[in-house]
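Right, one structure below, let's go through it.
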Amino acid sequence: MRIFKLYNSLSRTKEDFVPLNPDHVRLYACGPTVYNVAHIGNARMAVVFDLLSRVLRTLYPRVTYASNITDIDDKIMDAAKATGDPITVITRKYEQIYNDDMAALGVTRPDIQPRATETIPEMIQLMEMLIARGHAYVAEDHVLFNVPSFPEYGGLSGRSRDDQIAGARVDVAPFKRDPADFVLWKPSTPDQVGWDSPWGRGRPGWHIECSAMAEKHLGLPIDIHGGGADLKFPHHENEIAQSCCAHGHHDLAAFSKYWMHNGFVTVEGEKMSKSLGNFTTAQDLLTKGIAGEVIRYALLSAHYRQPLDWTEHGLVNARKTLDKFYRILDDLNDVADISVSLPDGILDALCDDLNSPKAYAELNALAKQAADTRTAADKAAFKSAANLMGFLTVDPAEWFHHGAQESDSDAAWVEGLLTERADAKRAKNFARADEIRALLTEKGIVIEDTPQGPKWHAP
Numbered sequence: 022m023r024i025f026k027l028y029n030s031l032s033r034t035k036e037d038f039v040p041l042n043p044d045h046v047r048l049y050a051c052g053p054t055v056y057n058v059a060h061i062g063n064a065r066m067a068v069v070f071d072l073l074s075r076v077l078r079t080l081y082p083r084v085t086y087a088s089n090i091t092d093i094d095d096k097i098m099d100a101a102k103a104t105g106d107p108i109t110v111i112t113r114k115y116e117q118i119y120n121d122d123m124a125a126l127g128v129t130r131p132d133i134q135p136r137a138t139e140t141i142p143e144m145i146q147l148m149e150m151l152i153a154r155g156h157a158y159v160a161e162d163h164v165l166f167n168v169p170s171f172p173e174y175g176g177l178s179g180r181s182r183d184d185q186i187a188g189a190r191v192d193v194a195p196f197k198r199d200p201a202d203f204v205l206w207k208p209s210t211p212d213q214v215g216w217d218s219p220w221g222r223g224r225p226g227w228h229i230e231c232s233a234m235a236e237k238h239l240g241l242p243i244d245i246h247g248g249g250a251d252l253k254f255p256h257h258e259n260e261i262a263q264s265c266c267a268h269g270h271h272d273l274a275a276f277s278k279y280w281m282h283n284g285f286v287t288v289e290g291e292k293m294s295k296s297l298g299n300f301t302t303a304q305d306l307l308t309k310g311i312a313g314e315v316i317r318y319a320l321l322s323a324h325y326r327q328p329l330d331w332t333e334h335g336l337v338n339a340r341k342t343l344d345k346f347y348r349i350l351d352d353l354n355d356v357a358d359i360s361v362s363l364p365d366g367i368l369d370a371l372c373d374d375l376n377s378p379k380a381y382a383e384l385n386a387l388a389k390q391a392a393d394t395r396t397a398a399d400k401a402a403f404k405s406a407a408n409l410m411g412f413l414t415v416d417p418a419e420w421f422h423h424g425a426q427e428s429d430s431d432a433a434w435v436e437g438l439l440t441e442r443a444d445a446k447r448a449k450n451f452a453r454a455d456e457i458r459a460l461l462t463e464k465g466i467v468i469e470d471t472p473q474g475p476k477w478h479a480p
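Numbering (our numbering), first residue to last: 22 to 480.
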């Protein structure tokens, strides 16, 4: 049987993936906090783990993929307060937007998508187990995990004691036994959402929810747990500590055997984030008429563990490549459609730690071969490889017709880019001006620079 190799963040080495049960692989990835629309960094995680689940399903008879929805969080409470809407209105709205946006990017809905608010009893049970074993304590209506009670803490991130405290993202409250201790449960005021518990009315901290949801829906240990690199510490570190300590384990792999983390999306070398104001949302791009497959192609253009610098140029190249693939498929319309096994080359690439750049090279080679030979077998090999990666999912006629409609209809988007291009030229940022022209050209927009300013039309 073909071996899937993956880089295990826990061991910091590339390993052969050996499932705990070859008949049933269990995968968990941390999903969104639904108080706003997802930016491209969130989308990268969803696309990467969607591709991972697709590959695993080609290798094993059963795969269960769970990815949670965080629908209780202080940011959600703030959004509800600002809008005057109930929390459930906020969370259901953005959960639906997230799922719709990810579906447009070819992301298949996880087999299980649990909500934190539907797992409160399991979280309380975990906290009771941690208190009973001496790993958690109650102080001023809070329940806190005592980090020094677990000497193995820090094994995933490799952070020192000082770094753990500095990066814990929590206030050093006077009732903490140790500065690194983190909150499992906190009290709610009468005007805040809350649930009854043995420690009074309150709500869970962020970290406990994924420990509870993974155990409830997949059982422990699980095969693979993952998410964005920013979750490695403190979120994933805390998950391991909670789940291992609740069940009396000191082996860090007792929660999840393998850990996978995708790299950041950057903009000019800086991490994309809402706090820096340099983020782009999937919805923004889709609204501008950029096809979901184009966004997906761009998101997979770098190896998942490496940073991905997000640029208009990357989107232009993605569109050009997919246009080429669809033209080849359209040219092969008179060639019979048959079923064949997935090509070895594409599987070899993706089974090598999900090496999407190598898979792209294989996909281009398959496209060229299909165009050259015009055989049913080569057409099927090309199409099946593309489908595995989430491409060539519509008819070529629909692909090109949809693109033309988008270019014609979104005049405001075109005018906005032309204004940005003019500003870039005045600032002598000619590289950016050229990127904008290339993007518009790729979308079928013809630009004519005149003494009265740029004019455009869609052919």
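Where a beta carbon is used, it is the ideal one built from N, C-alpha and C, also for glycine.
Asked	Found
Excluding the five sequence neighbours on either side, which residues of its own chain have a C-beta within less than 6 Å of the C-beta of Val159, listed in chain order?	Trp220
Just to check my reading of the structure: Leu239 and Tyr81 have Cβ atoms closer than 8 Å, yes? What is that Cβ distance to the nearest angstrom?	Not confirmed; about 15 Å, so no contact.
Using 8 Å as the Cβ pair cut-off and three pairs as the minimum, do the stretch 261-277 and the stretch 218-234 touch?	yes
Near Arg23, which residues of its chain fall below 7 Å by C-beta distance, leaving aside the five closest residues on each side in sequence?	Leu80, Leu368, Cys372
Considering only their Cβ atoms, is the gap separating Gly62 from Gly248 smaller than 8 Å?	no
Determine which residues share a DSSP beta bridge with Ser88 and list them.	Ala50
Tell me which same chain residues have a C-beta within less than 7 Å of the C-beta of Ala157, skipping the five on either side of it?	Met148, Leu151, Val164, Leu165, Phe166, Asn167, Leu205
Quick check on DSSP: helix, strand or coil for Ile468?	strand
In the DSSP assignment, what are the bridge partners of Met281?	Gly247
Does the pairing of the stretch 64-73 with the stretch 102-109 give three or more beta-carbon distances under 8 Å?	no
Output the distance between the C-alpha atoms of Phe254 and Arg224, rounded to the nearest integer angstrom.	22 Å
Between the stretch 325-344 and the stretch 269-289, do three or more beta carbon pairs fall short of 8 Å?	yes
Is the number of C-beta pairs between the stretch 317-326 and the stretch 436-452 that are closer than 8 Å three or more?	no
Give the list of continuous alpha helix (DSSP H) stretches no shorter than 4 residues that lie fully inside the stretch 304-337.	313-320
Tell me, please, whether the CB atom of Gly247 is closer than 8 Å to any CB atom in chain C?	Of the protein chains in the structure, only one exists, and it is not chain C.
If I'm right that Ser377 touches Leu321 with Cβ under 8 Å, what's the distance once you round it to whole angstroms?	4 Å
Comparing C-alpha positions only, which one of Ala339, Ile133, Thr210 sits nearest to Asn385?	Ala339
So is the beta-carbon of Leu321 under 7 Å away from any non-hydrogen atom of the ligand ADP?	Summarising the ligand content, the structure contains no ligands, and the ligand ADP is consequently not present.
Should Gln185 go down as buried or exposed, given a rule of 16 or more other Cβ atoms within 10 Å for buried?	buried
Taking a contact to mean a Cβ-Cβ separation below 8 Å, would you say Leu126 touches Gly313 in this structure?	yes
In chain order, what are the residue ranges of uninterrupted beta strand (DSSP E) at least 3 long that sit wholly in the stretch 171-251?	203-208, 223-225, 243-249
Out of Leu409, Leu353, Ala391, which one is the CA nearest neighbour of Leu363?	Leu409
Report the rounded CA-to-CA distance for Glu441 versus Trp216, giving the unit in angstroms.	50 Å
Would you say Asp374 and Tyr28 are within 8 Å of each other, going by their C-beta atoms?	yes
Measuring only the C-alpha atoms, how far is Ala137 from Ala357?	48 Å
Pull up the distance between the alpha-carbon of Ile133 and that of Arg180, whole angstroms please.	32 Å
List the residues that DSSP assigns as beta-bridge partners of His163.	Ala160
Rounded to a whole number of angstroms, what is the C-alpha to C-alpha distance between Thr394 and Leu353?	10 Å
Is it buried or exposed, Arg47, if we count other Cβ atoms within 10 angstroms and call 16 or more buried?	buried
Apart from the five residues just before and just after Asp202, which ones in its own chain have a Cβ nearer than 7 Å to its Cβ?	Leu165, Phe166, Asn167, Val168
Figure out for me which residue from Asp244, Gln146, Asp92, Gly269 has the closest Cα to the Cα of Pro172.	Gly269
Quick check on DSSP: helix, strand or coil for Leu413?	coil
I need the straight-line Cα distance from Asn42 to Asp251, nearest angstrom please.	29 Å
If you follow the beta strand (DSSP E) that Thr138 is part of, which residue opens it and which one closes it?	That residue, Thr138, is in no beta strand (DSSP E); it is neither H nor E in DSSP.
Is DSSP giving Lys35 helix, strand or coil here?	strand
Looking only at C-alpha atoms, which of Ala124, His282, Glu419 sits nearest to Thr34?	His282
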